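According to my numbering, the stretch in the sequence shown is residues 6 to 48, in order. All residues carry an ideal CB built from backbone N, CA and C; glycine is no exception. Keep in mind that this is a model prediction, so the values were computed, not measured.
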Amino acid sequence: MTTQYGFFIDSSRCTGCKTCELACKDYKDLTPDVSFRRIYEYA
């Protein structure tokens, strides 16, 4: 069985900068066209 990890973020502190997405790509050494994290913007 594979391990699945979760990601928690306090959305009240989110500014929409998407730094969390960039940090994930940097940590996983991914190219810019690959994304494991989806960022949804709420109005």
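| Asked | Found |
| --- | --- |
| Cα-Cα, which of 40, 10, 11 is closest to residue 26? | 40 |
| Start and end of the alpha helix (DSSP H) containing residue 23? | Premise fails: residue 23 is in no alpha helix (DSSP H) and is neither H nor E. |
| How many angstroms separate the CA atom of residue 30 from the CA atom of residue 36? | 7 Å |
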